[in-house]
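To get our numbering, take the position in the sequence shown, counting from 1, and add 1015. Even glycine gets a Cβ: it sits at the ideal position worked out from N, Cα and C. Structure record follows, encoded as structure tokens.
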Amino acid sequence: MNPEPLHVPVLLQEITEMLAVKEDGTYVDATVGLGGHAEAILSRLGPHGRLAGIDRDEDALGRARRRLDDTRVVLKQGSFSEMGELLASLGIREIDGVLFDLGVSMMQLREKERGFSFLSEERLDMRMDRGQELTAWDIANRYPEKDLERILREYGEEPSARRIARALVERRKKRPITTCAELAGVVAAVYGGRGKTHPATRTFQAFRIEVNKELDELRAGLSSALGMMKAGGRLCVISYHSLEDRIVKNFMRDKAREGVIKVLTKKPVTPGPEETRRNPASRSAKLRGAERI
């Protein structure tokens, strides 16, 4: 197994402990990415254990496949909402644990042709699954102003949603908003420059969530995972912004009230100072866990 140099798995020790991996268990990494968390889970499995990795990103799956070259591992391309069907196609109908590591990966951000980074001069894209049709270009150039304002407000929690939506519509009347840098420039102009955090950060988050339907997928994925979970199985979710964390928190709270799960984390687990020093990208991570009753 060859480590992927761009990939630093977040909260690795905390995840492996919370999953409480059984040697002969069946586990799912629902966002296998470059395989860092999956590799740690695999190291705790015995010869009869099984690990399924799912990801929407075909490029990430290719790299994970090279890293996780093991007969106990099966990898499938797909989304959270398809989890039940994907696992059934592998003959898996019950699982002992599942991990969701949400958000965009550093690989996707650093590969500028993917169109996730506001530093990129590449065409707006932001698709995790490059087989789908909708891209960030379509949103920037075709969405009505009211829909732009809505996604900026709901998915980006952007206080200047109305002004940015109006600026985007005015800009595209002159010529299309084609690149990430152009989109970032429109937003920066609304804010009158740059601050400590790039002013387009919330806009890019909103566009990415809309392109990939991330919040709807998360809700569907949590329900699918819990529906397949054996008693005593563990559900672990790492989120990176308040919208995701709120969905996970409320889902676990509601299922705990129904007597379906026991919440393992009264407060989310966050990276310690040493991890954030080594991996600054981890600083916003929040881990929540639950056990199936």
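Is DSSP giving residue i helix, strand or coil here?
{"i": "K1091", "result": "strand"}
{"i": "D1084", "result": "coil"}
{"i": "K1228", "result": "coil"}
{"i": "S1299", "result": "coil"}
{"i": "K1245", "result": "strand"}
{"i": "E1306", "result": "strand"}
{"i": "K1282", "result": "coil"}
{"i": "T1194", "result": "strand"}
{"i": "L1250", "result": "strand"}
{"i": "K1189", "result": "helix"}
{"i": "R1234", "result": "helix"}
{"i": "R1145", "result": "coil"}
{"i": "I1107", "result": "coil"}
Considering just the uninterrupted stretch of the alpha helix (DSSP H) at residue i, what are its terminal residues?
{"i": "L1114", "result": "No alpha helix (DSSP H) contains L1114, which is instead part of the beta strand (DSSP E) from I1110 to D1116."}
{"i": "R1293", "result": "P1288 to R1293"}
{"i": "A1055", "result": "G1051 to R1059"}
{"i": "F1266", "result": "S1257 to R1272"}
{"i": "T1031", "result": "L1027 to L1034"}
{"i": "I1166", "result": "E1160 to G1171"}
{"i": "A1215", "result": "A1215 -> no alpha helix (DSSP H), and no H or E assigned at all."}
{"i": "D1153", "result": "A1151 to R1157"}
What does the Cβ neighbour count give for residue i, buried or exposed, with the cut at 16 atoms within 10 Å?
{"i": "T1194", "result": "buried"}
{"i": "E1136", "result": "exposed"}
{"i": "P1295", "result": "exposed"}
{"i": "L1101", "result": "buried"}
{"i": "N1265", "result": "exposed"}
{"i": "M1016", "result": "Its pLDDT being 42, under 50, M1016 is placed unreliably by the model, and nothing is read from it."}
{"i": "G1068", "result": "buried"}
{"i": "S1239", "result": "buried"}
{"i": "S1254", "result": "buried"}
{"i": "K1270", "result": "buried"}
{"i": "T1317", "result": "Outside the shown range of the chain (1016 to 1308) lies residue 1317, about which nothing can therefore be said."}
{"i": "A1305", "result": "buried"}
{"i": "R1078", "result": "buried"}
{"i": "A1180", "result": "buried"}
{"i": "A1155", "result": "buried"}
{"i": "R1082", "result": "buried"}
Just reading off the beta strand (DSSP E) that residue i is part of, what are its end residues?
{"i": "T1041", "result": "T1041 to D1044"}
{"i": "G1068", "result": "R1065 to D1070"}
Rounded to whole angstroms, what is the Cα-Cα separation between residue i and residue j?
{"i": "T1046", "j": "S1132", "result": "20 Å"}
{"i": "V1119", "j": "A1075", "result": "11 Å"}
{"i": "K1189", "j": "R1157", "result": "14 Å"}
{"i": "G1093", "j": "L1250", "result": "19 Å"}
{"i": "E1197", "j": "L1167", "result": "17 Å"}
{"i": "T1086", "j": "K1301", "result": "32 Å"}
{"i": "V1202", "j": "T1218", "result": "8 Å"}
{"i": "L1241", "j": "S1297", "result": "26 Å"}
{"i": "P1283", "j": "A1204", "result": "36 Å"}
{"i": "A1151", "j": "Y1170", "result": "14 Å"}
{"i": "P1286", "j": "V1025", "result": "8 Å"}
{"i": "E1032", "j": "L1279", "result": "12 Å"}
{"i": "K1037", "j": "M1267", "result": "23 Å"}
{"i": "E1185", "j": "P1191", "result": "10 Å"}
{"i": "A1053", "j": "L1149", "result": "29 Å"}
{"i": "R1080", "j": "G1200", "result": "38 Å"}
Is the beta carbon of residue i less than 9 Å from the beta carbon of residue j?
{"i": "L1258", "j": "F1095", "result": "no"}
{"i": "M1243", "j": "G1064", "result": "no"}
{"i": "L1090", "j": "D1070", "result": "yes"}
{"i": "E1160", "j": "L1183", "result": "yes"}
{"i": "V1252", "j": "L1117", "result": "yes"}
{"i": "D1072", "j": "D1144", "result": "yes"}
{"i": "R1307", "j": "A1235", "result": "no"}
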